[in-house]
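Student: Counting in numbering that gives the first Met the number 0, the sequence shown runs from 0 upward without gaps.
Don't be surprised by glycine CBs; every beta carbon is placed ideally from N, CA and C.
Keep in mind it's a predicted model, so treat the numbers as computed, not measured.
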Amino acid sequence: MSNYYFAVSSLPYLSYDMEKIPPMEYFLKLCREHASGNDYDLIKSAIIDDCEQKVTSSGILIKWYTWERNLRNKLVILRARKKGEDPENYFRPNPDLYVYDRIAQEAFQENSPLAAENLLNRERWSYLDTLELGHYFDTDKLVIYYLKLQLLWRKMNFDREKGMERYNEIVEKFSSEDFPREDNINQG
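1) Indicate whether the contact test is met: 3 or more Cβ pairs, each with one atom in the region 38-49 and one in the region 142-162, closer than 8 Å.
2) Grab me the residues of PHE178's own chain with a C-beta within less than 8 Å of its C-beta, minus the 5 sequence neighbours each way, in chain order.
3) Can you check which of these residues, ASN120, ILE169 and LYS53, is closest to LEU103 by C-alpha distance?
4) With DSSP run on the structure shown, which of helix, strand or coil describes SER100?
5) Roughly how many whole angstroms lie between the Cα atoms of TYR15 and LEU151?
6) Which partner residues of ASP137 appear in the DSSP bridge assignment?
7) For TYR15, which three-state DSSP category applies?
8) Rounded to whole angstroms, what's the CA-CA distance from LEU70 to MET17? Just pull it up for me.
9) I'd like to confirm something about ASN37: is its beta-carbon nearer than 7 Å to some heavy atom of the ligand ZN, or not?
10) Check this for me: beta carbons of SER8 and ASP139, under 8 Å apart or not?
11) One question on the structure: do PHE157 and LEU127 come within less than 8 Å of each other, judged by their Cβ atoms?
12) Does the Cβ-Cβ distance between GLU141 and TYR3 come in under 8 Å?
13) Quick one: grab the DSSP three-state call for GLU160.
Here it is as structure tokens:
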């Protein structure tokens, strides 16, 4: 496995609670300049929201995607039970269903979707910290850094003010359109 001493030491430290997040473009440009073609492709293939089973040479990515599918499957079980449905219909294929039930349970019990997402993202961050142990200047370090960077940008997009702006845009759009009244539909 290649070592990327300069690239890794050039990266800013990431913290889940940081407010000034490094641009994704900066990270990818640095990787493109310093990583081999195959390593760069591997780093770029690490997408936080895509946990489908893929063929990958990265043990770290296999562990990450397996863990994420496990978490999502645990949430499926809780949501399906609440709706009185069979969770098997919604499972993502996964060889291992090991995730602490506590994580999914706590997120499921949150009243606020934003609070639940934040709890899940903190747990994701913690798992990535665990995966990072022993990886200091290698490709896996860059893969984990990229996943963490995506988590930070995802978290930043869950801004209450931006959400309200978007909500108001949608309400405004629909309230300005002419919809048939219910009594007109029933007469037709």
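Tutor: Taking the structure as given:
1) Look at the beta carbons and you see the region 38-49 touching the region 142-162: at least three pairs across the two are nearer than 8 Å.
2) Counting from one through the sequence shown, the residue named residue 178 turns up at place 179. Per-residue confidence for PHE178 stands at a pLDDT of 48, beneath the threshold of 50, marking its modelled position as unreliable; the derived number appears in the next sentence. None.
3) Counted from its first residue, the sequence shown places residue 103 at position 104. Note that residue 103 is Ala in the sequence shown here, rather than Leu. Measuring from the Cα of ALA103, the nearest candidate turns out to be ASN120.
4) What you label residue 100 is simply residue 101 of the sequence shown in a count that begins at 1. The amino acid occupying residue 100 in the given sequence is Asp; Ser does not appear at that position. The answer is helix: DSSP assigns ASP100 an H, G or I state.
5) The count along the sequence shown starts at 1 and reaches residue 15 at position 16. The count along the sequence shown starts at 1 and reaches residue 151 at position 152. Taking the straight line from one Cα to the other gives about 7 Å.
6) As a first step, residue 137 is located in the sequence shown; it is residue number 138 there, counting from the start. For ASP137, DSSP records a beta bridge to ASN2.
7) By one-based count along the sequence shown, residue 15 stands at place 16. Reduced to three states, the DSSP call for TYR15 is coil.
8) As a first step, residue 70 is located in the sequence shown; it is residue number 71 there, counting from the start. As a first step, residue 17 is located in the sequence shown; it is residue number 18 there, counting from the start. In this structure, the CA atom of LEU70 is about 25 Å from the CA atom of MET17.
9) You won't find the ligand ZN in this model; it holds no ligand whatsoever.
10) In the sequence shown, counting from the first residue as 1, residue 8 sits at position 9. In the sequence shown, counting from the first residue as 1, residue 139 sits at position 140. Between SER8 and ASP139, the CB-CB gap reaches or exceeds 8 Å.
11) Your numbering for residue 157 matches position 158 in the sequence shown. Your numbering for residue 127 matches position 128 in the sequence shown. Remark: C-beta atoms of PHE157 and LEU127 do not approach each other more closely than 8 Å.
12) The residue given as residue 141 occupies position 142 in the sequence shown. The residue given as residue 3 occupies position 4 in the sequence shown. According to the sequence as given, residue 141 is Leu; it is not Glu. For the pair LEU141 and TYR3, the CB atoms are nearer than the 8 Å cut-off.
13) Taking the first residue of the sequence shown as position 1, residue 160 is located at position 161. GLU160 falls in the helix class under three-state DSSP.
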